[in-house]
Amino acid sequence: MSSLSLRIERIDPLTSHIRRLILVAEAGQPLPGFTPGAHIEVQIPGDKPMWRAYSLVNLPDDNHYEIAVQLEDQSSGGSRWIHGVQVGQLVTVRPPKNHFPLVEQASDYLLIAGGIGITPMLGMARSLATQSRPFTLHYAGRDADRMAYLEEVRALGSAQCWISGGDSSRRLPLSTLLGPPTSGRQLYVCGPKTLIANVLLIARELGWDDNQVHSELFIGALNTSIDTEAGFEVELRTSGVTLQVPAGKSVLDAMIEANLDPMFDCRRGDCGVCVAQVLEGEAEHRDICLSERERADGSFCICVSRASGARLVLDL
């Protein structure tokens, strides 16, 4: 389906750094449907327009889309532009996609959210609540005044909020919350990379099956300090092309700038569409979609992962 032209009907400041946008069709026509966990991609104008993905927070309907966007300190332009738009402005949006769907056949759901990672999880929780399906939502943050949708989460009967205030003893007790796996239970986590990594590690240590564990990294968590990155060379063996990948850019970025046509979707390392095979060199994996076995076998996400050395050869 082609892109949509949507009008910003309302903007609400949820915190000092997070604003909520309500988007509607320009002429009031029905919007494409979606399922809990879905996102839309908003076009960020510029010399080279970018697309940024934002989770849908509202319950599925055909009248509006609700997103919440956090202003990132190291924004590449997306969140900064979103925080400058006004009510009534038109934005270009790609229809909803879902790389983070709820498993239908589950006995219950354990949802864990950190920071702005609450956006897809709240959508999931709202949907499960309306269907009277069993779930528990745990929402963690450092400071209450920076936690979007805090009161909405507290209003859910099966939710608990964890506000650390910088005290490590008040953070999520993950081992206790996860516990040993039970048949039919599904675990979902969204938030900063460190939270996701800890949840996945503990879940595996406790014996959770990979099919029971689902994660999504919110886009702001992918911002890394480019001061600590080094550029590298990538050879695309099948194409016969060698490219330079500078600090702050990905293999995918370099390929697009070279007018190549790589396959990709999320640009966040969580969907696996852009996976290539490493033929030579050592990879620094930054995705959250590949298993350790897949990484060991040479799989590599070109949208986020990098070379740990000066050169990498891929089967592209």
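Using the numbering used here, the first residue of the sequence shown is number 676, and each one after it goes up by one.
Just so you know, even glycine gets a beta-carbon here, dropped at the ideal spot from N, CA and C.
| Item | Value |
| --- | --- |
| Residue interval of the alpha helix (DSSP H) (run including E957) | No alpha helix (DSSP H) holds E957; DSSP gives it neither H nor E. |
| The stretch 956-964 / the stretch 926-938 touching (three or more Cβ pairs under 8 Å) | no |
| Three CB pairs or more closer than 8 Å across the stretch 776-796 and the stretch 851-867 | yes |
| Cβ neighbour criterion (16 or more within 10 Å) applied to S730 | buried |
| For W883, three-class secondary structure by DSSP | coil |
| 6 Å Cβ shell around A982 - same chain, five flanking residues per side excluded | F907, G956 |
| Rounded straight-line distance, which links the Cα of F975 to that of L876 | 20 Å |
| Spatial distance of R682 from F939 (CA atoms) | 27 Å |
| Beta-ladder partner(s) of T811, from DSSP | L785 |
| Residue span of the alpha helix (DSSP H) that contains S802, given as start and end | 793-805 |
| Own chain, CB closer than 8 Å to V920, minus 5 neighbours either side, in chain order | G906, F907, E908, V909, V926, D928, A929, R981, A982 |
| V950 burial status per 10 Å Cβ neighbour count (16 or more: buried) | buried |
| Rounded separation between H758 and L746 - CA only | 7 Å |
| R860, DSSP secondary structure in three states | strand |
| Proximity below 8 Å, CB of P856 to CB of L881 | yes |
| Pairwise C-alpha distance: P771 and A804 | 22 Å |
| Option nearest G984 by Cα separation, candidates H960, C978, A971, D972 | H960 |
| P809 burial status per 10 Å Cβ neighbour count (16 or more: buried) | exposed |
| Beta-carbon separation (whole angstroms), G712 vs M799, contact threshold 8 Å | 6 Å |
| Per DSSP, cross-strand counterpart(s) of D936 | Paired residues: none, contrary to the question. |
| Three CB pairs or more closer than 8 Å across the stretch 761-780 and the stretch 829-838 | no |
| T851 in three-state terms, based on DSSP | helix |
| C-alpha gap between E684 and V760, whole angstroms | 11 Å |
| Those residues which DSSP pairs with F975 across a bridge | A951 |
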